[in-house]
Amino acid sequence: MGGKDHQPIQAPEEEWIQAVRKKLLDWYDRNQRDLPWRESKDPYRVWVSEIMLQQTRVDTVIPYYERFMSLFPTPGALAAAKEDDVIKAWEGLGYYSRARNLHTAVKEVVETYDGVVPDDPATVSRLKGVGPYTTGAILSIAYNRPIPAVDGNVFRVLSRWFALWDDVTRTSARRKFEELDRLLIPQDRPGDFNQALMELGALICTPVSPACADCPVQEECQAYRDGIQAELPVKTKSKPPVPVRMTFGWIRKGPQVLLQRRPSEGLLGRMWGLPTVETLPEELVPGGTLRDHWAGHGLKLELGPVVGELDHVFSHRRWLITLVQGLCLAEENLPADCAWVEEKELEHYALPNVYRKAVRMALDPPQSSHGFQQGRLF
DNA sequence: AACCCGTGGTA
DNA sequence: TTACCAAGGGT
Numbered sequence: 001m002g003g004k005d006h007q008p009i010q011a012p013e014e015e016w017i018q019a020v021r022k023k024l025l026d027w028y029d030r031n032q033r034d035l036p037w038r039e040s041k042d043p044y045r046v047w048v049s050e051i052m053l054q055q056t057r058v059d060t061v062i063p064y065y066e067r068f069m070s071l072f073p074t075p076g077a078l079a080a081a082k083e084d085d086v087i088k089a090w091e092g093l094g095y096y097s098r099a100r101n102l103h104t105a106v107k108e109v110v111e112t113y114d115g116v117v118p119d120d121p122a123t124v125s126r127l128k129g130v131g132p133y134t135t136g137a138i139l140s141i142a143y144n145r146p147i148p149a150v151d152g153n154v155f156r157v158l159s160r161w162f163a164l165w166d167d168v169t170r171t172s173a174r175r176k177f178e179e180l181d182r183l184l185i186p187q188d189r190p191g192d193f194n195q196a197l198m199e200l201g202a203l204i205c206t207p208v209s210p211a212c213a214d215c216p217v218q219e220e221c222q223a224y225r226d227g228i229q230a231e232l233p234v235k236t237k238s239k240p241p242v243p244v245r246m247t248f249g250w251i252r253k254g255p256q257v258l259l260q261r262r263p264s265e266g267l268l269g270r271m272w273g274l275p276t277v278e279t280l281p282e283e284l285v286p287g288g289t290l291r292d293h294w295a296g297h298g299l300k301l302e303l304g305p306v307v308g309e310l311d312h313v314f315s316h317r318r319w320l321i322t323l324v325q326g327l328c329l330a331e332e333n334l335p336a337d338c339a340w341v342e343e344k345e346l347e348h349y350a351l352p353n354v355y356r357k358a359v360r361m362a363l364d365p366p367q368s369s370h371g372f373q374q375g376r377l378f
């Protein structure tokens, strides 16, 4: 179309830029939140916080960050840790490949860069799990380098300030917003400026009903002048998660419960969980056998009653889960990806929340579950 | 470019 | 209940 959504950035007047910088930084100095990762500018601490904050709320991250930093206070400590311990510290945060990539990248920093996070954007951006945003965040906050860090907040704030109609979900938008950020970012306080943009987006320039009355740069906001705050930023709607029927097994052998490691690729890859099959619950009637579903695993299982149902939504998939009890009748050889675990030992395994919820349900079954048969057979 | 990868809060 | 979304990155 060639509408104004693809117009090149028109550089603002230098005087205007100076004024906006001062207003935003003054506001940030007075209103920034007291967050644990702001206690120092240690590049490692900044790095860990930025990885945890990817697609994750500040309030959710805080307790994880505190725990993670006391477990792994330095790059050396994290590099020396076992992967299972790192994943355990990440348990419940989601997007578990973030933890594995961070672990891999920190080991590389320890081995290749003597434990010092490189002060160079090209080198940092090559580390696993560090993309364009995180590169800019680490370099600007920890090393005072004037490099853009465009996240969802910055997309929102800048699209409103300058009334930009670019679809921010498209790759081309990132380059444009980074160029704009580059024009605005001050040489003396680049890290504070980037954080101020994000803080403004988090506290004032919110996605829904922004607090324009309290905004330090209201006078400079084109969207506010035009009354179009609610229309920006433009984002392509994401597809709803695809529903999938799943069955979890709560399989007992005496005091033990069966756990299974998930396949290395795909959703919850390599995480521990209850034995899981993608199947219709009708095939798993009480008294039936699960042997067909775990054929070749050397286990002979008999199904018990349905414990209950769970509805768990991931970013692109939705599991409609039936939790069934089972009994191990015979075991020839335990599959390599399976383990018998005492109930009290379950807490030592890193289980994604969907499995934690199922374990909770198995240990404390609902009294009524949509008319399903209930009670513990075994 | 399109799709994949978790979870919890909120309207 | 659905829909959106929160300091994104990998493939």
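Residue numbering for the first sequence follows UniProt numbering, beginning at 1 and increasing consecutively.
Even for Gly, the Cβ is constructed at its ideal location relative to N, Cα and C.
7 Å CB neighbourhood of residue i in its chain, flanking five on each side removed
i, result
"D192", "L25, Y28"
"Y44", "T74, P75, V117"
"W47", "V117, I138"
"L299", "C328, E331"
"R270", "R261, R262, S264"
"P36", "I62, Y65, E66"
"D119", "Y143"
"A105", "L127, K128, G129, V130"
"P366", "G308"
Close beta carbons around residue i, own chain, < 8 Å, minus the five adjacent residues each side
i, result
"F155", "V168, A173, F177, P233"
"S315", "P241"
"E220", "W16, A19, V20, K23, W161"
"Q218", "C212, Y224"
"M361", "V307, G308, L310, L323"
"P190", "S140, N144, R145, P146, I147"
"T56", "L93, G94, Y95"
"K357", "L310, H312"
"L53", "V61"
"D226", "A163"
Residue i: first and last residue of the uninterrupted alpha helix (DSSP H) it sits in
i, result
"V48", "43–52"
"E302", "That residue, E302, is in no alpha helix (DSSP H); its beta strand (DSSP E) goes 299–313."
"K357", "353–363"
"R191", "The question names Arg, yet the displayed sequence has Gly at residue 191. Start and end: 190–203."
"L102", "97–112"
"R30", "14–31"
"L71", "58–71"
"R225", "222–226"
"L267", "Counting along the chain, L267 falls outside any alpha helix (DSSP H), and DSSP gives it neither H nor E."
"I87", "83–90"
"P121", "121–124"
"G136", "132–143"
"P75", "75–80"
Reference residue i, options the options, closest by Cα
i, options, result
"K253", "V277, G304, S209", "G304"
"V307", "W250, Y349, R270", "W250"
"L200", "A11, E13, N31", "N31"
"G115", "L78, I17, V217", "L78"
"D311", "D120, G269, V354", "V354"
"Q329", "V110, A339, L301, P12", "The sequence given here has Leu at residue 329, not Gln. It is L301 whose Cα lies nearest to the Cα of L329."
"V86", "E347, H103, D181", "H103"
"V109", "V124, Y95, Y96, R100", "V124"
"P8", "G227, R262, D166", "D166"
"E278", "L320, R170, V341", "L320"
"A142", "Q54, K82, S40", "S40"
"L180", "D120, P275, E13", "E13"
"T206", "M246, G152, K239, K235", "G152"
"E231", "W272, L164, M246, Y113", "L164"
"Q229", "K239, K237, S238, C215", "C215"
"P352", "W272, L363, E345, F72", "W272"
First through last residue of the beta strand (DSSP E) which encompasses residue i
i, result
"P243", "242–253"
"E342", "338–342"
"L258", "256–261"
Per DSSP, cross-strand counterpart(s) of residue i
i, result
"A330", "K300"
"V324", "G249, V306"
"R318", "P243, V313"
"V157", "None, per the DSSP bridge assignment."
"D167", "V234"
"T279", "None, per the DSSP bridge assignment."
CB of residue i within 9 Å of CB of residue j, strictly
i, j, result
"N194", "I185", "yes"
"D84", "A339", "no"
"F70", "V61", "A quick correction: the sequence has Ser, not Phe, at residue 70. Going by C-beta atoms, S70 is not nearer than 9 Å to V61."
"L158", "L197", "yes"
"T134", "A122", "no"
"R98", "G129", "yes"
"R318", "V208", "no"
"A336", "L183", "no"
"Q256", "E347", "no"
"V359", "L267", "no"
"residue 389", "V58", "This structure cannot settle anything about residue 389, because the visible part of the chain is limited to 1 through 378."
"T236", "R175", "no"
Chain-order list of residues whose beta-carbon lies under 6 Å from that of residue i (same chain, five-residue window excluded)
i, result
"F68", "A89"
Cβ-heavy atom distance, residue i to the ligand ADP, below 8 Å
i, result
"Q32", "Annotation note on the ligand ADP: not contained in the displayed structure, which lists no ligands."
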